[in-house]
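Just below is one structure, and these are the notes that go with it.
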Amino acid sequence: MNTINSTKSFRLLIDEKISADVLYLWLKRIFFYVLLFLVSSGLSHYLVSEFGSSDYNMASARYMISALIQSEAAIMAIIVTLSLVAVELASSSYSVRMIDLLKLYNPDFWILMIAYIVSMSYGLFILKSIPDEGNREIDMHISFVYYTGIFSFLILFPYLFRTLKTLKPSTLLNMQAMKLTAGNITTAISSDAADPLEKDPIQPLIDIVSSSMLNHDFETTRNGLNIIGLRSKEIFSNEDLEPTELKIIANYIFSRLARFGKFTLNHYDEDATFIVIRNLELLWNELEKSDKREAILEASSSLEQIGVVAADVNQKNILSTVINHLYDIGQKGLNEDLDSESAKVIDSIGSIGVACAGNRMEPWIIEDIIHDISKLGEKSSEMEHCASLKQAQDQLDALKSSIQLEKNTGYFINM
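Under this note's numbering, think of the first position of the sequence shown as 1, with each following residue one higher.
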């Protein structure tokens, strides 16, 4: 039994710590640099063979190798400085979590460091081994030192290109999205770390999107939210997930998106809120394919949270969209004979209605809410869904009480 658990834990470690995306990225970059080394070495060897001398002057070789090693050491110091500046820029612009991200998802830096260390170490070894009189073997080693030196200069170009590309928000988003997996989510939820956000795979994405939104970078905000939606959709479409695990993951993702939706409303960014709602719609439609009950519950809960805050900040367009979505979900739930879930949807609509009354929203908004609850209540009565019918009656009573309270303080509505 212990062996099975150990094997399972090891497989989980391999799957999540070194995901397929990360492994593919590293293998692709390693293959690129190996190919570059072979091409540059082959071309250098051809040029030396055709136009150069096959014999080296040992004194000149010592001088050249010594200068090459010093140059590589200086370049390596510049590379480290440049990389630290890039990391600092990314972390200060978005989140300190970018530091951990760039350590794992920036193979070019580590490959370049290894290449320079190997090149300098090999050069030092050959420098010490150069005799006073040359021979064929030492000439081959000297040639190889020159080849590695040429390679070390060539790899600066792809490294600089990748570093500049890494600083783009879209690159950081795609890198972080690789960590948004079912395994990482369940690990974060069950983590006993002092800081629960430390292992949260979605929080760094939210950090980037939040910073972009506050900086009025709508494109990055939209791209980040869409990436979260698409990666989450892939998770929901995974047929290997257990029903309980799927519910836990769904609750995690919907709650994070709802929280960010409230954040966008509090900062009066209506466009970002609409993108959140659109991605929530994408997710509950995908979740519905495997668990209709959970899809309705998560949709109603997240939309209710957004709707209540929309009432608090007087965002009428958001309110109208949220209410329409909830009404459609309630109708679908009743058609599917999901009585208790439909009752939850009606409760969510009622809660938003009470918030609207409390914030003295325009009468037509509350009238629309009352109309929607009444229609759902009528359908519940026709289909003999007791829980939904009772919830509709309770919410209508609660709304009338809220309206009456506001009437007494000078807020009138034509009922």
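For each residue, glycine too, the CB sits at the ideal point set by N, CA and C.
- One alpha carbon belongs to L280, the other to S232, and they sit about 10 angstroms apart.
- Secondary structure of T163 (DSSP, three-state): helix.
- Judged by DSSP in its simplified three-state form, V313 adopts coil rather than helix or strand.
- Taking one beta carbon from each stretch, the region 55 to 71 and the region 110 to 118 have fewer than 3 pairs nearer than 8 angstroms; the two do not touch.
- Distance from the CA atom of R278 to the CA atom of T163, rounded to whole angstroms, is 33 angstroms.
- The alpha carbon of S121 has as its nearest neighbour, out of K103, L102, F109, Q70, the alpha carbon of Q70.
- Fewer than three Cβ pairs drawn from the region 204 to 216 and the region 234 to 250 lie within less than 8 angstroms of each other, which leaves the two stretches out of contact.
- Measuring C-alpha to C-alpha distances from S152 to each of S211, T186, A73 identifies A73 as the nearest.
- Per DSSP, M113 is one residue of the alpha helix (DSSP H) stretching across 107 to 129.
- Here the region 127 to 144 makes no contact with the region 175 to 184; the two share fewer than three CB pairs at distances below 8 angstroms.
- Counting only residues of its own chain and dropping the five nearest sequence neighbours on each side, D200 has a CB closer than 7 angstroms to the CB of A188.
- Exclusion of the five residues before and after E336 leaves K292 as the residues of its chain whose Cβ lies within less than 8 angstroms of its Cβ.
- By the beta-carbon neighbour count (other beta carbons within 10 angstroms, threshold 16), C386 is exposed.
- The C-alpha of F236 lies about 22 angstroms from the C-alpha of K344.
- For Y94, the secondary structure class from DSSP, reduced to helix, strand or coil, is coil.
- With a contact defined as Cβ atoms closer than 8 angstroms, L225 and V276 qualify at about 6 angstroms.
- Take the alpha-carbon of I126 and the one of F161: they are about 32 angstroms apart.
- Under the three-state reduction of DSSP, E362 is assigned to coil, being neither helix nor strand.
- G350 is not a Cβ neighbour of Q305, given a cutoff of 7 angstroms.
- Taking a contact as a CB-CB distance under 8 angstroms, the pair I318 and L265 counts as one, their CB atoms being some 7 angstroms apart.
- For E294, the closest alpha carbon among the candidates N251, N314, R222 is that of N251.
- Relative to P363, the option among N314, E384, E341, I30 whose CA is nearest is N314.
- Residue ranges of uninterrupted alpha helix (DSSP H) with 4 or more members, entirely inside the region 272 to 318 and ordered along the chain, are 292 to 312.
- A straight line joining the alpha-carbon of Y159 with that of D100 spans about 19 angstroms.
- The beta carbons of Q393 and D347 sit no closer together than 7 angstroms.
- Uninterrupted alpha helix (DSSP H) stretches at least 4 residues long and entirely within the region 361 to 400 occur at 363 to 382, given in chain order.
- Sequence-distant partners of S119 (beyond 5 residues in either direction) whose C-beta falls short of 7 angstroms from its own C-beta, in its chain, are E72, T148, G149, S152.
- Judged by their CB atoms, V354 and A299 are not nearer to each other than the 7 angstroms cut-off.
- Cα atoms of S83 and E50: separation of roughly 39 angstroms, rounded to the nearest angstrom.
- In terms of Cβ geometry, G229 and L282 form a close pair [threshold 7 angstroms].
- Where L257 is concerned, the enclosing alpha helix (DSSP H) starts and stops at 243 to 266.
- Inclusion of A258 and T221 in the CB contact set at 7 angstroms is not warranted, their separation being larger than that value.
- In its chain, beyond the 5 residues on either side, I69 have a beta carbon closer than 8 angstroms to the beta carbon of L124.
- The residue among G183, E219, P169 with its C-alpha nearest the C-alpha of I208 is P169.
- In terms of CA proximity to I249, G183 leads the group M98, G183, P204.
- Just so you know, the alpha carbons of S92 and M98 end up roughly 9 angstroms apart.
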